[in-house]
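These notes are about the structure you will find just below.
Residue numbers (our numbering), protein chains in the order written: chain A, -1 to 315; chain B, -1 to 315.
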């Protein structure tokens, strides 16, 4: 297992700069008054392809040696990694094949195709996905870029918190959502080297709290198909992300479905930005743990903004 | 009738700076590709109180002489002017009384109260509103700040396009929504002095196109209670705003309800910002008049972001 280094992150940042945005950091007097903390929202919802995932995907794609370009890249994902890898491959002019469940929303399929990706459908089960994906790799010889358990991807995600500490001085803590752990691992990689006094918190839905339970147990616990409105956070930790989480994270905090939806709606209403349910989990946990963050300068990573405007979660509540 | 001058606008900008944001200008590759123009979105949805109206309201409130402070300010509005005047009065520590129809959404009433405003309810008719408002003025002696037909308000709104031309070089045109004409008048005041070659377009809902018909007829035509999803744009021009519109506007373009809703959804989806239906009218008209704007550098004023998240317009379509 290759653990990405600080040099990998710095190289990633140089490599991806032409293809990603240096996203803005927003503040809100209302949110500061509400939480008693000073919050700095790093807005990856404004990122290319609508999510931070384009950082890791671009690093993998633009780091490919020339002799591997002809066969392209491939992944399995029905979320932001699928869009991001398609975007990055499109920018480099290579093929990107995405294995997606046939049940994935048409909007997501359209977005992948819009960025130039090629979709191969599987049944909505792990066994079908793995079988079909193996076939794709065998037929195309494409380079597999895993959504998070990949050193190139983690080095790319680490560029987000490097920008954040350049944009905001003297942070006490950074908090980001945790699913598979790609963003949190990149954050650990960067901050443990460049700002080792900044505490790193991960935020997770109660209904998909496998990372929080893994953290307490001291080993990876993987849940089978948890259900949560924060649909980007259903996947389990893997060995590479577990390495960073177990070594550098201060704590993993959780929030209920209602708390996540309420925090999301509050951000939309008061900050006037469109972001995904997954990105609301950090604020939801800050509101539940006010004492922990009171008086602190806290970076909050808004991980993405790809949401189905016809099916907003508060419509169901 | 006192016509506000360039000096009034410059003085307004100095006066309100501590109380309003210098809002960002966003760009979108997607929107540029779609329209064939280079669009620069001036995002007043991120403004204090969620709309540009706080500029004019703050100028009126902070320009009040000391001997008028005790009696406070008053207005009639169920929209952004009510929030903005309440916000500005709260910052100066004076009373703000707002006459609102009893049928106004509870969320709007809560927002006025949240900023420290005092609500007096009237029946949802012009006669009731005028009678109750006259009583309020008689009882309180408060200074009336009209939502748009007021030189202090227009001078304040003009600060928005002053920022825009500082933020973006070599604009060919600026386009903003038109209702009563406060924002457009401020834009005319500023650009006719500071950037007289920049064309000024106003954008209006087809279903509330009294300004477009006035413009063609050469005199004010006022409609009685037009119905449109762009609820900030239902009010008619008045003599002061007509002065600016008739002297400085290049054209008034219109869009249908469906076109407005589609443009709004597109901005939310691709730019990840929350903004009001009224603010989508300019993009809707650009999409209908691509030839007019092709290859041009166009400032687009996103006037506000106060929208009821439980009742989004595409839910009705």
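Every residue, glycine too, gets a C-beta built ideally from N, C-alpha and C.
Asked                                                                                                                            : Found
Rounded C-alpha distance that separates residue 299 of chain A from residue 172 of chain A                                       : 8 Å
Closer than 9 Å to chain A by CB, residue 271 of chain B                                                                         : yes
C-alpha distance - residue 240 of chain A paired with residue 265 of chain B, whole-angstrom precision                           : 38 Å
Neighbour list for residue 307 of chain A in chain B, Cβ cutoff strictly below 8 Å                                               : 263, 266, 267, 310 and 312
Chain-ordered neighbours of residue 91 of chain A on chain B, where CB pairs are closer than 9 Å                                 : None at all; the shortest Cβ gap to chain B is about 17 Å.
For residue 165 of chain B, the three-state DSSP class (helix, strand or coil)                                                   : helix
CB of residue 163 of chain B within 9 Å of CB of residue 187 of chain B, strictly                                                : no
Three-state class that DSSP yields for residue 332 of chain B in the structure shown                                             : In this structure chain B extends from -1 to 315, so residue 332 of chain B is not present and cannot be described.
Buried or exposed (CB count within 10 angstroms, at least 16 for buried), residue 20 of chain A                                  : exposed
Rounded straight-line distance, which links the Cα of residue 228 of chain B to that of residue 315 of chain B                   : Any reading at residue 315 of chain B needs caution, since the residue's pLDDT is 45, under 50, leaving its predicted position unreliable; the model's value is listed next. Taking the straight line from one Cα to the other gives about 14 Å.
Proximity of residue 224 of chain A and residue 203 of chain A at Cβ, strictly below 9 Å                                         : yes
Test: residue 48 of chain B CB closer than 9 Å to a CB of chain A                                                                : yes
Cβ of residue 78 of chain B within 9 Å of any chain A Cβ                                                                         : no
Beta-carbon spacing of residue 62 of chain A, residue 89 of chain A below 9 Å                                                    : no
Other residues of its chain near residue 167 of chain A: CB distance less than 6 Å, five sequence neighbours each side excluded  : none
Residues sharing a beta bridge with residue 295 of chain A, DSSP                                                                 : A:36
Alpha carbon of residue 170 of chain A to alpha carbon of residue 165 of chain B, nearest angstrom                               : 33 Å
Span separating the alpha-carbon of residue 254 of chain B from that of residue 282 of chain B                                   : 8 Å
CA nearest to the CA of residue 43 of chain B, picked from B:23, B:27 and B:56                                                   : B:23
Outcome for residue 139 of chain A when other beta-carbon atoms lying within 10 angstroms are tallied against a minimum of 16    : exposed
For residue 249 of chain B, the first and last residue of its enclosing beta strand (DSSP E)                                     : 249 to 253
Straight-line gap, residue 55 of chain A to residue 180 of chain A (C-alpha atoms, nearest Å)                                    : 11 Å
Helix, strand or coil at residue 216 of chain B [DSSP, three-state]                                                              : coil
The stretch 232 to 239 of chain B touching the stretch 203 to 222 of chain B, judged by at least three CB pairs closer than 8 Å  : yes
Exposure label - residue 147 of chain A; buried when at least 16 CB within 10 Å                                                  : buried
Span of the alpha helix (DSSP H) around residue 74 of chain B                                                                    : Segment 71 to 74 is the beta strand (DSSP E) holding residue 74 of chain B; no alpha helix (DSSP H) there.
Inter-stretch contact at 8 Å, needing at least 3 Cβ pairs: the stretch 149 to 156 of chain B / the stretch 265 to 280 of chain B : no
Residues that residue 17 of chain B bridges to, as DSSP identifies them                                                          : Residue 17 of chain B pairs with nothing; no bridge assigned.
Cβ of residue 280 of chain A within 9 Å of any chain B Cβ                                                                        : no
Close beta carbons around residue 134 of chain A, own chain, < 8 Å, minus the five adjacent residues each side                   : 72, 95, 97, 118 and 140
Proximal residues of chain B, C-beta to C-beta of residue 213 of chain A below 8 Å                                               : Correct list: empty, because the minimum Cβ distance to chain B is about 31 Å.
Residue 142 of chain B classed as buried or exposed, judged by whether at least 16 other C-beta atoms fall within 10 angstroms   : exposed
Check: residue 11 of chain B C-beta below 8 Å from any heavy atom of the ligand ZN                                               : As far as ligands go, the structure on display features none, and thus does not contain the ligand ZN.
Segment contact, 8 Å Cβ cut-off, at least three pairs: the stretch 275 to 294 of chain A with the stretch 242 to 259 of chain A  : yes
Backbone secondary structure at residue 313 of chain A - three-state DSSP                                                        : helix
Within chain B, partners of residue 303 of chain A - CB distance below 7 Å                                                       : 270
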